[in-house]
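Worksheet: the structure to be examined is printed underneath.
Numbering (the numbering used here), first residue to last: 505 to 799.
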C-alpha cells in the first residue's frame, strides 16, 4: 500500500484510478467528477507529474490510468505514485477497480466490446493477461473496490465515503438485502440473517411479489418475532454510527439476508434504511438479488 509521507491539511487530493477493463473505472472517474474532482482519463504516465506541478490546479484531481494508457507500465506507475505521495503538497491515493472474471466476460459480451488485449482472441484470454499485468497495482492500492455485485448507481456513495470532502464524506451507510443462496455480499461489514421470519414464498398469493409490495411487507411484519427483532437491531446499530464515524470509517455496509433475497430481507432492509435516514445519517439502499436473480 502507498504511504503518504506526512499529513498536510492543505495538500491537494489526488486519486489515481486503475483496474481491470470492464470493472467500472470510467464510471468511477465520472463519479469523482460529480464530487468536484478535475477528472482526466488515459493520461500518459510521462505527463502525470507535469499536471500536478505544485498542486497548481487548486481542485481535487482524479486521473484514470489503465492497460490502454500510452507507455503504461504497472511497476513504473507504482513507483511514480510513491514519488508523488512523498510530496507534501499532494495527498495521493491509488484506487483499484476490480470485478470477478465471469462478470467481466458477461459485461463484454453484453456490450459486444472487445477486450483491449484480446482483439482477435476470447475475452477470457485478455482478462487473464491483464490480471497478470495489474496484480502488482492491486496489491499496492490503498482502496480496492469490487464491482461484481454493483450497479453503476451503487458506486457513487461508496466513492463519496472514501474520497468526498469533509462536508460530503461523513459516514455513508449502505443497507443491502441479499439472498444467502447467492452468497454473502463481499463488502458487508455487518450481516443479519432474517430467515427466522415466516416466508411469504410459501404463500401462493405473495410468491411472485417482493418485499417492496405492501401485502408482502405486512405479512412479514405480522411475524411474532418481527417487532422484537427490529427493536433490538435498532438498539444495536444506533450507538455504532457515531463510534464508526469517530474512528474515521467512511463507509458502512449493513447486509440483511433471507433465502432468495426477494421477500423478507427486502422488507427488513426497507424499514432499516428508512429508520437510519430518520436518525439523520446518509443512507443508500440496495437490493442485490431482487431484480437479476430472484424468481
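For every residue, glycine included, the Cβ atom is placed at its ideal position computed from N, Cα and C.
Boundaries of the alpha helix (DSSP H) harbouring residue 637: 627 to 644, taken from the DSSP string.
Contact annotation: residue 539 and residue 521 have beta-carbon atoms that are not nearer than 8 Å.
Between the region 646 to 666 and the region 593 to 605, the count of Cβ pairs shorter than 8 Å is three or higher; the stretches touch.
Taking the Cα of residue 773 as reference, the smallest distance to any Cα among 715, 626 and 642 is reached at 715. Using a 10 angstroms sphere on the CB of residue 641, the tally of other CB atoms reaches 16 or more, which defines it as buried. Proximity to residue 605 across 523, 546 and 660 peaks at 523, based on C-alpha coordinates.
In this structure the region 746 to 757 lies against the region 678 to 689, because at least three pairs of beta carbons, one per stretch, are closer than 8 Å. With a cutoff of 8 Å on beta-carbon distance, residue 704 and residue 720 are scored as near each other. Under the DSSP definition of a beta bridge, residue 786 partners with 676.
Counting only unbroken stretches of 4 or more residues, the alpha helix (DSSP H) elements lying wholly within the region 582 to 619 are 605 to 615, in sequence order. Distance from the Cα of residue 543 is smallest, within the candidate group 526, 528, 553 and 565, for 565. Rounded to the nearest whole angstrom, the C-alpha separation of residue 526 and residue 625 is 16 Å.
With a cutoff of 8 Å on beta-carbon distance, residue 594 and residue 518 are scored as near each other. Judged by their CB atoms, residue 794 and residue 766 are nearer to each other than the 8 Å cut-off.
Rounded to the nearest angstrom, the Cβ distance from residue 695 to residue 771 is 17 Å, too far for a contact under 8 Å. The residues 571, 630, 633 and 634, in chain order, have a CB closer than 7 Å to that of residue 621 in the same chain once the five nearest residues on each side in sequence are set aside. In the structure shown, the three-state DSSP call for residue 714 is coil.
When C-alpha distances from residue 653 are compared across 664, 666, 689 and 643, the shortest belongs to 689. For residue 682, the secondary structure class from DSSP, reduced to helix, strand or coil, is strand. The three-state reading of DSSP puts residue 771 in helix, counting H, G and I together. Sixteen is the threshold: when 16 or more other Cβ atoms of the shown chains lie within 10 Å of the Cβ of residue 660, as they do, the residue is buried. Looking only at 562, 530, 777 and 573, the smallest Cα-Cα distance to residue 546 is reached by 573.
Setting aside the 5 residues that flank it on each side, residue 692 is surrounded in the same chain by 757 and 759, each with a C-beta closer than 6 Å to its C-beta; the list follows chain order. Residue 685 and residue 699 have their alpha carbons spaced roughly 12 Å apart. Judged by DSSP in its simplified three-state form, residue 544 adopts strand.
By alpha-carbon distance to residue 683, the top candidate from 761, 786, 516 and 536 is 761. If the five residues before and after residue 578 are omitted, its C-beta is found closer than 7 Å to the C-beta atoms of 637, 638, 640 and 641, all from its own chain and listed in chain order.
The three-state reading of DSSP puts residue 521 in strand, counting E and B together. If one requires a minimum length of 3 residues, the beta strand (DSSP E) runs lying completely within the region 693 to 767 are 694 to 697 and 755 to 762, in chain order. Per DSSP, residue 650 is one residue of the beta strand (DSSP E) stretching across 647 to 650. Residue 557 sits exposed, since fewer than 16 C-beta atoms from the chains shown fall within 10 Å of its C-beta.
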